[in-house]
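Residue numbers (our numbering): 828 to 1446. In what follows, a single structure is set out as structure tokens and then discussed.
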């Protein structure tokens, strides 16, 4: 017999839907922990730090990757309220998770570290919340730290949000101080959800996961009407119909309920195994007399960085496809399409929102599906216009260096982003020097306070996806914070650099770079490969070339057999004859021999030195 968490629908007037938004490491998950304890949904003995961070990878890295929702009971003035709280990620690569969470809320708790103040991602999340017309509750966290300066940062926060410094709440998520008052303030300030319960049901899918035993678990926010178990529902974008096996709430573990009403957040289970039938942003309605107008849905995320993912063992290709399908359900920002490479075999060209997103996806695929993968060097999408003078004309979209057109190139357009850097004013010179060296154009500069400055740059995305963040952190002693958003495209002088082994191009090592950086990339890659490719029986030239022009060269020396070992003394012509014979053999070998590049060399050459420690710097 099923025990329902609730037997009646909650009055929408008593519901408060809110999320916690902040920069990385400003205490969102710890504040969520205190709320779980204070409302009594998690017992003291079951409590653990960062309770809502469910994945091992989140707990190891100390970052939130997936937004998590939980239902909390709270009593104010003798009235029982229901709070739906969503804990969101803070990293720029997971902004799409935050934007989806905001759609399911009416209010947002804007959390700022009282020892660090406003950071770049704080502003980005604030603007997202404002675009969604959410009620903003400004809160200073970590007021118990010795380095905390609440008065200074309260004034800074009040200036940006547009309130009085006295309106900024002060809490310590670690000790629990001020959290009770914050929950009361959420009930007072956040508006109740609006919607009609006497019309056809409409619910927005804002997330979903794949369960091996139960199939697709879909998370929804009900906007209109009621959704009950055993009801037949319809997905409005795909037209697929299903019977609801279970409807429930998350508090903080899944609990079946008698249904979900207006404003409530919960989950559905239909027993469907096909992951493509539960699309994030879709509208759920009833099959009979259902709604005719779907909800607005979400803006589709545009991939910022592309990289190829290939299984080390070619027979794992089908497993990789299945693993990507399941991960796509849980990560709506991931896109992929099949790709083949002469060097790496069959794989997928995947689109990511950033370098950390790429790293997390690859690690999740390796852990959750047990795959061994190689990822190619990340690159962005270029638009190439062919020269119309030679009669070819046309336009090509390049997501991979191997797509670069053979004909004469007219103009190349690259994606640019608007970067916001917030740092102490002492580092303005170092930041400007770094941004200008990466082809950045200064858009403006504002002082947030007497000693903190915000710089705005327009920069090519290709220049910041590798080591820009790490370099920025090192030049500012870790004080700078970075945020960026797409800003269209601009024309640039870009070229394709090919790496040739014995005159044959190796597509996996090709790259699209700015003409000024081409020589640097060519010499670096050639030098790297010289140490990675094992010596052959013949000499192997490694060349970097732009078109037909070679710009750098390294040589892997041939292994030489000592043919003179048994030649004692005697006439020098005997030695010369043996050496000439050996030389002829090497020449013949070079003509017919092929350079075998070991798998480890591909992995080592394509992995950048900066990538592995990227998240450590970003925490």
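The C-beta atom is built at its ideal place from N, Cα and C for all residues, glycine as well.
Candidates the options: closest to residue i by CA position
i, options, result
"residue 857", "1249, 940 and 1327", "940"
"residue 1006", "1108, 1285 and 861", "861"
"residue 1171", "1368, 1204, 1320 and 1186", "1204"
"residue 1314", "1247, 1385, 1370 and 1402", "1247"
"residue 1050", "1231, 863, 1257 and 930", "930"
"residue 974", "985, 954, 1004 and 943", "943"
"residue 938", "959, 970 and 960", "970"
"residue 1062", "1168, 1121 and 1019", "1121"
"residue 1140", "1065, 1174, 1404 and 950", "1174"
"residue 1003", "1107, 1118 and 854", "854"
"residue 1192", "1168, 1137 and 1239", "1137"
"residue 905", "868, 841, 958 and 852", "841"
"residue 1347", "1378, 867 and 1067", "1378"
Close-in-space but distant-in-sequence residues of the same chain around residue i (CB under 6 Å, 5 per side omitted)
i, result
"residue 846", "913, 915, 928, 932 and 935"
"residue 1325", "1332, 1337 and 1372"
"residue 1135", "1166, 1174, 1176 and 1203"
"residue 1303", "1250 and 1254"
"residue 850", "917, 946, 948 and 949"
"residue 1454", "This structure cannot settle anything about residue 1454, because the visible part of the chain is limited to 828 through 1446."
"residue 1403", "none"
"residue 1489", "In this structure the chain extends from 828 to 1446, so residue 1489 is not present and cannot be described."
"residue 1276", "983"
Contact set for residue i: own chain, Cβ-Cβ below 8 Å, skip 5 residues either direction
i, result
"residue 1014", "843, 901, 903, 908 and 910"
"residue 1133", "1176, 1177, 1178, 1179, 1205, 1206, 1207, 1208, 1226 and 1227"
"residue 1369", "1326, 1327, 1328, 1353, 1356, 1357, 1360, 1380, 1381, 1382 and 1383"
"residue 1024", "836, 839, 1051, 1052, 1053, 1088 and 1089"
"residue 1154", "1161, 1188, 1191, 1192 and 1195"
"residue 1239", "1209, 1210, 1211, 1212, 1318, 1319, 1320 and 1321"
Rounded distance between the beta-carbons of residue j and residue i, thought under 8 Å
i, j, result
"residue 995", "residue 952", "Residue 995 to residue 952, Cβ: 16 Å. No contact."
"residue 965", "residue 990", "7 Å"
"residue 1241", "residue 1321", "6 Å"
"residue 1213", "residue 1232", "6 Å"
"residue 896", "residue 1092", "5 Å"
"residue 1020", "residue 962", "That belief does not hold up - the Cβ atoms of residue 1020 and residue 962 are roughly 12 Å apart, past 8 Å."
"residue 1258", "residue 1307", "7 Å"
"residue 1111", "residue 1047", "6 Å"
Identified DSSP bridge partners for residue i
i, result
"residue 1049", "1030"
"residue 937", "848 and 965"
"residue 901", "908"
"residue 945", "In DSSP, residue 945 forms no bridge with anything."
"residue 1168", "1172"
"residue 1474", "Look at the range of the chain in this structure, 828 to 1446, and you will see that residue 1474 is not part of it."
"residue 1224", "1210"
"residue 1163", "1177"
"residue 1082", "1076"
"residue 1113", "1060"
Continuous alpha helix (DSSP H) stretch holding residue i: start and end
i, result
"residue 1137", "Where residue 1137 is concerned, there is no enclosing alpha helix (DSSP H), although the beta strand (DSSP E) it sits in stretches over 1132-1138."
"residue 1349", "1342-1359"
"residue 1023", "Careful: residue 1023 lies outside any alpha helix (DSSP H) and carries neither H nor E."
"residue 1250", "Element bounds for residue 1250: not the alpha helix (DSSP H) but the beta strand (DSSP E), 1236-1251."
"residue 1264", "1255-1264"
"residue 1270", "Counting along the chain, residue 1270 falls outside any alpha helix (DSSP H), though it belongs to the beta strand (DSSP E) covering 1268-1276."
"residue 977", "977-988"
"residue 1302", "1295-1302"
"residue 1289", "1288-1291"
Interface flag, residue i vs chain D, CB-CB below 9 Å
i, result
"residue 1207", "Structure shown: chain D not included; a single protein chain is present."
Nonlocal neighbours in the same chain, by C-beta distance under 7 Å from residue i, ignoring five residues either side
i, result
"residue 1290", "1265 and 1266"
"residue 1256", "none"
"residue 1012", "964 and 996"
"residue 1196", "1146 and 1150"
"residue 1058", "1071 and 1113"
"residue 1236", "1211, 1213 and 1214"
Limits of the beta strand (DSSP E) - the one that residue i falls within
i, result
"residue 1381", "1376-1383"
"residue 1004", "Residue 1004 -> no beta strand (DSSP E), and no H or E assigned at all."
"residue 1063", "Taken as a continuous stretch (DSSP letters only), residue 1063 belongs to no beta strand (DSSP E), as it is neither H nor E."
"residue 1371", "1367-1373"
"residue 1314", "1308-1319"
"residue 1184", "First-last for residue 1184: 1182-1196, but that is the alpha helix (DSSP H), not the beta strand (DSSP E)."
"residue 1077", "1073-1077"
"residue 863", "Where residue 863 is concerned, there is no enclosing beta strand (DSSP E), although the alpha helix (DSSP H) it sits in stretches over 855-865."
"residue 973", "Element bounds for residue 973: n/a, residue is neither H nor E."
"residue 1201", "1200-1202"
"residue 1093", "1092-1096"
"residue 1070", "1068-1070"
Closer than 8 Å: residue i CB and nearest the ligand PLP heavy atom
i, result
"residue 845", "Looking for the ligand PLP in the displayed structure turns up nothing, as the structure carries no ligands at all."
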